[in-house]
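Student: Just so we're aligned, residue 13 is where the sequence shown starts under this note's numbering, counting upward by one.
Built from N, CA and C at the ideal position, the CB exists for glycine as well.
Quick caveat, the model's predicted, so the values are computed rather than measured.
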Amino acid sequence: MVLNRRRARTGTGVPAVHLAGWLFADLLLVLFLISLSAQSVPVPPPPPPPPPPELLSPESCEFTVSVGSGFTVDDDEVVAELERILTDPDDGDFNREDGHGPPSDKCLEHLEERRDIGFVIAFGASDYAQLNQAREFAADATEVAIDGIPQFEKATYRELWTGGSPGTIELSLFFLE
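(1) Answer yes or no: do F131 and W173 have a C-beta to C-beta separation smaller than 8 Å?
(2) Leaving out the 5 sequence neighbours to the left and right, which residues in its chain are closer than 7 Å to V156 when beta-carbon positions are compared?
(3) Quick one: complete beta strand (DSSP E) runs, 3+ long, within the segment 51-115?
(4) Helix, strand or coil: which one does DSSP assign to A153?
(5) Grab the span of the beta strand (DSSP E) containing E165 for me, first residue to last.
(6) Is DSSP giving R127 helix, strand or coil here?
(7) Cα separation between S184 and T99?
(8) One question on the structure: do D139 and G175 come within less than 8 Å of each other, judged by their Cβ atoms?
(9) Can you look up E189 in the DSSP assignment and give me helix, strand or coil?
(10) Just how far apart, CA to CA, sit R170 and R96?
(11) Hey, how far is the Cα of E189 from the Cα of L68?
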């Protein structure tokens, strides 16, 4: 009987040069990953600080303004009269009745610096029977000022009633600081 001997293979069929190529590629990949992880992440610059909030001045300027006849608002007259008061007020423009006294230094400073107005209290004048019309007149005149005068752009307002002749508004202006 003849025994067949199997011959043992001497190689795996893959040359050693190919293995060296794969080993080199793996080493490059590992080095690439190490270099990526070793790089420091750039720190973004801190954000700029937020602008300080605009606050209302605790002191107001009080004016009495005639801006129409009856309860009809004349837009041009409102804008012209309030711009005149804001740029060059006469001493008679300031409301000195009801214990207001002369305007405060802070009020005059705000007028001189042409500060923006943040809040307006508008008192429409009339007798008690026409209370709602007076308040509506004050609101209409204030809205005309907000739309037509740059210093009033940021303003909000509240309309109220006071006794007096129709067509007159008492304004309390609170400036932004």
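Tutor: So, from the data block:
(1) no
(2) So the qualifying residues of the chain are V85, D87, V90 and V91.
(3) 68-78
(4) helix
(5) No beta strand (DSSP E) contains E165, which DSSP labels as neither H nor E.
(6) Coil.
(7) So the alpha carbons of these two residues sit roughly 16 Å apart.
(8) yes
(9) coil
(10) 22 Å
(11) 6 Å
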